[in-house]
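Visitor:
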Amino acid sequence: MVTSKFARSLWAASLSIPLALASAPSSAVEIEYWQYFFKERVDAIDALIEQFEAENPDITVKHTHFPYAQYRTKVAAAIPAGEGPDVVQLYYGWLKDYLKADLLVPLPEDAFPAAETESEYFPIVAAMKLDGQYWGMPTAVRSLALFYNKTLFEEAGLDPNSPPKTHDEMIEIAKKITKRDDGGNLLTAGMTAAPTSQDHHWWREVLIRQFGGQPYSDDNCQVAYNDDAGREALQAYVDLFDAHAVTDYGFMDESQAAFGAGRAGLHIDGSFRLGTYMGVEGLDWAVAPLPSHNGVTSNFASYWVNGISKKAEGEKLEAAVKFLEFITTKEAMQLWVETVGELPARRDAALTDENRAHPLYGPFIEGLEKAQTTDFYNESAQRQVFLDMIDRIQIGGISVADSLAAAAEEEQKILDEFCQS
177 MVTSKFARSL WAASLSIPLA LASAPSSAVE IEYWQYFFKE RVDAIDALIE QFEAENPDIT
237 VKHTHFPYAQ YRTKVAAAIP AGEGPDVVQL YYGWLKDYLK ADLLVPLPED AFPAAETESE
297 YFPIVAAMKL DGQYWGMPTA VRSLALFYNK TLFEEAGLDP NSPPKTHDEM IEIAKKITKR
357 DDGGNLLTAG MTAAPTSQDH HWWREVLIRQ FGGQPYSDDN CQVAYNDDAG REALQAYVDL
417 FDAHAVTDYG FMDESQAAFG AGRAGLHIDG SFRLGTYMGV EGLDWAVAPL PSHNGVTSNF
477 ASYWVNGISK KAEGEKLEAA VKFLEFITTK EAMQLWVETV GELPARRDAA LTDENRAHPL
537 YGPFIEGLEK AQTTDFYNES AQRQVFLDMI DRIQIGGISV ADSLAAAAEE EQKILDEFCQ
597 S
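The sequence shown stops at residue 597 when you use my numbering, and every number in between is there.
This is the structure in structure tokens:
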């Protein structure tokens with residue numbers, strides 16, 4: 177049973193009333209929790225809500241979820257109208273947009289002490305602190321790792337227990353796994369490469385750094401990748417389609433679908449994909465740390481957080497804080513990793529001997545040690561810059577150097593909007 181750490185009420189302190197009265201509403205309170213639809217995440221929240229309601233019979237949590245493509249629009253329309261979620265899930269890279277739209281309230285300091293957050297959580301959570309206040313808390317964090325198909329390794333005469341450790345080894349293995357018919361049509365990809373998945377993170381925070389560069393200036397106000405390192409990193413990515421021909425642009429539409437169908441040997445993805453592949457019957461797969469290059473190991477870490485919307489007031493606000501505390505306990509985080517595959521956001525919950533040694537969780541936890549977290553100003557727009565850059569090369573026939581320069585110019589405008597305001 178998950179035990180809530182809710183021990184002190186902001187309102188009990190401010191109104192000087194007994195804690196027992198403050199923590200037990202006089203009548204049933206219903207709050208709404210919103211997230212986008214991802215089956216394993218929905219299952220995890222449903223399990224936590226069941227436990228929370230059993231422990232807090234005077235609070236009911238209504239769980240609502242939407243397709244990812246609709247989610248942000250739904251949230252943006254509901255909260256200003258006084259409708260929708262009291263506790264809302266958001267990607268960490270959306271925070272500045274959410275605050276600009278005035279959708280959130282800061283978390284109460286006595287319920288979520290900053291000193292406790294900064295000592296107990298992974299440092300990447302600091303991205304949720306703006307103007308001296310925290311605006312959301314994660315249940316889980318995630319990094320990247322290399323998924324590989326052991327069956328396809330064996331068919332290619334490779335050792336299924338020896339995944340690649342370097343970028344060059346990864347390419348050689350991918351070439352051996354790749355299968356095409358007599359007409360050149362791709363049957364089995366040696367490696368997935370789909371810009372719409374995690375590839376923009378891999379290029380930005382892994383490949384660029386492995387080629388000796390960095391994506392942005394230290395103050396995050398200048399694009400820094402329009403240089404030799406950025407061009408070499410982009411060329412290395414494009415070579416997967418062209419020079420090495422280990423995949424095709426848009427193969428099976430989604431890279432995770434190609435791997436899940438047994439049609440790809442290697443696949444870079446986040447720890448959140450573990451739950452998906454655990455349920456695929458007949459898929460013999462494993463996970464390894466991201467390959468290094470030029471002696472450099474890097475990774476990308478990200479997370480979804482839960483914030484409290486401006487809609488929550490009075491008893492709903494108190495109940496929302498209590499629910500947010502509940503879903504960020506160590507016990508809730510362990511349930512999350514076992515259900516979804518995302519890693520506990522608290523260091524002491526993630527860095528257990530059991531989790532470190534786990535054949536699936538372990539490589540992702542190892543990745544957190546060298547992970548970078550992009551400080552997005554507008555995550556959707558900045559991701560689109562990458563997608564457009566690849567489209568110009570693969571569809572438009574533009575050179576790597578010219579497309580990179582155009583991307584840098586486009587993204588600099590996004591950074592300027594925030595840095596110069």
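Glycine residues also receive a C-beta, built at the ideal position from the N, C-alpha and C atoms.
Going by DSSP, what residue range makes up the alpha helix (DSSP H) through residue 270?
Guide: Run containing residue 270: none; DSSP gives neither H nor E here.
Visitor: Which one or two residues does DSSP pair with residue 211 in a beta bridge?
Guide: Residue 211 is bridged to 241.
Visitor: Taking 8 Å as the limit between beta carbons, can you name the residues of its chain near residue 379, skipping five residues before and five after?
Guide: 409, 410, 413, 562
Visitor: Could you tell me whether the Cβ atoms of residue 330 and residue 339 are closer together than 8 Å?
Guide: Not a contact, by the Cβ cut-off of 8 Å.
Visitor: In terms of residue numbering, what span does the beta strand (DSSP E) encompassing residue 469 cover?
Guide: No beta strand (DSSP E) contains residue 469, which DSSP labels as neither H nor E.
Visitor: According to the neighbour-count rule (16 or more other Cβ atoms, all chains shown, within 10 Å of its Cβ), is residue 197 buried or exposed?
Guide: With a pLDDT of only 36 at residue 197, under the threshold of 50, the placement of this residue in the model should not be trusted, and no figure is reported.
Visitor: Beta-carbon separation of residue 593 and residue 270 under 8 Å?
Guide: no
Visitor: Have a look at residue 395 and residue 406 and give me their C-alpha separation to the nearest angstrom.
Guide: 18 Å
Visitor: So residue 481 and residue 312 are in contact, right, with Cβ under 8 Å, and what is the actual spacing, rounded?
Guide: Sure, about 3 Å apart at Cβ, within 8 Å.
Visitor: What is the DSSP secondary structure of residue 531, reduced to helix, strand or coil?
Guide: helix
Visitor: On the DSSP bridge assignment, give the partners of residue 537 in chain order.
Guide: Residue 537 has no beta-bridge partner at all, per DSSP.
Visitor: Have a look at residue 462 and residue 534 and give me their C-alpha separation to the nearest angstrom.
Guide: One C-alpha to the other measures close to 11 Å.
Visitor: Is it the case that the stretch 540-549 contacts the stretch 463-483, given that we only count it when at least three CB pairs across the two stretches are under 8 Å?
Guide: yes
Visitor: So residue 591 is in the alpha helix (DSSP H); what residue range does that whole segment cover?
Guide: 576-595
Visitor: Taking a contact to mean a Cβ-Cβ separation below 8 Å, would you say residue 325 touches residue 434 in this structure?
Guide: Contact: no.
Visitor: In angstroms, rounded to a whole number, what distance separates the CA positions of residue 282 and residue 495?
Guide: 15 Å
Visitor: Kindly indicate which three-state DSSP category residue 548 falls into: helix, strand or coil?
Guide: strand
Visitor: Quick check: what's the CA-CA separation for residue 516 versus residue 225?
Guide: 16 Å
Visitor: Using beta-carbon positions only, say whether residue 570 and residue 417 come within less than 8 Å of one another.
Guide: yes
Visitor: Quick one: residues in its chain with C-beta nearer than 6 Å to the C-beta of residue 600, no 5 flanking neighbours on either side, listed in chain order?
Guide: Any property of residue 600 remains undetermined from this structure, which presents the chain solely from 177 to 597.
Visitor: With a threshold of 6 Å on Cβ separation, who are the neighbours of residue 595 within its own chain once the five nearest residues in sequence on each side are excluded?
Guide: 397
Visitor: Alpha carbon to alpha carbon, what distance is there between residue 367 and residue 236?
Guide: For residue 236 and residue 367, the distance between alpha carbons rounds to 46 Å.
Visitor: Report buried or exposed for residue 602, applying the criterion of at least 16 other Cβ atoms within 10 angstroms of its Cβ.
Guide: The first residue shown for the chain is 177 and the last is 597, placing residue 602 beyond what the model contains.
Visitor: The alpha helix (DSSP H) with residue 505 in it runs from where to where?
Guide: That residue, residue 505, is in no alpha helix (DSSP H); it is neither H nor E in DSSP.
Visitor: Would you call residue 364 buried or exposed, if buried means 16 or more other Cβ atoms sit within 10 Å of its Cβ?
Guide: Residue 364 should be labelled buried.
Visitor: Whole angstroms are fine: how far does the CA of residue 291 sit from the CA of residue 299?
Guide: Answer to the nearest angstrom: the Cα atoms are 12 Å apart.
Visitor: Within this structure, are the beta carbons of residue 318 and residue 471 separated by less than 8 Å?
Guide: no
Visitor: Can you look up residue 362 in the DSSP assignment and give me helix, strand or coil?
Guide: strand
Visitor: Quick one: what does DSSP say residue 461 is sitting in, helix, strand or coil?
Guide: strand
Visitor: Please list the terminal residues of the continuous alpha helix (DSSP H) segment that includes residue 435.
Guide: 431-436
Visitor: Please look up how many angstroms separate the CB atoms of residue 501 and residue 223, rounded, as I've assumed it's under 8 Å.
Guide: Going by Cβ atoms, the distance from residue 501 to residue 223 rounds to 17 Å, so no, they are not a contact pair.
Visitor: I'd like the span of the alpha helix (DSSP H) that includes residue 451, first residue to last.
Guide: 450-454
Visitor: Taking buried to mean at least 16 other C-beta atoms within 10 Å of its own C-beta, is residue 260 buried or exposed?
Guide: buried
Visitor: With DSSP collapsed to three states, give me the class of residue 483.
Guide: strand
Visitor: Note down, one range per segment and in chain order, each beta strand (DSSP E) of at least 3 residues found wholly within the stretch 296-356.
Guide: Counting only runs of 3 or more, we get 320-325.
Visitor: Shortest alpha-carbon distance to residue 273 belongs to which of 576, 246, 457, 552?
Guide: Residue 273 has its Cα closest to that of 552, out of 576, 246, 457, 552.
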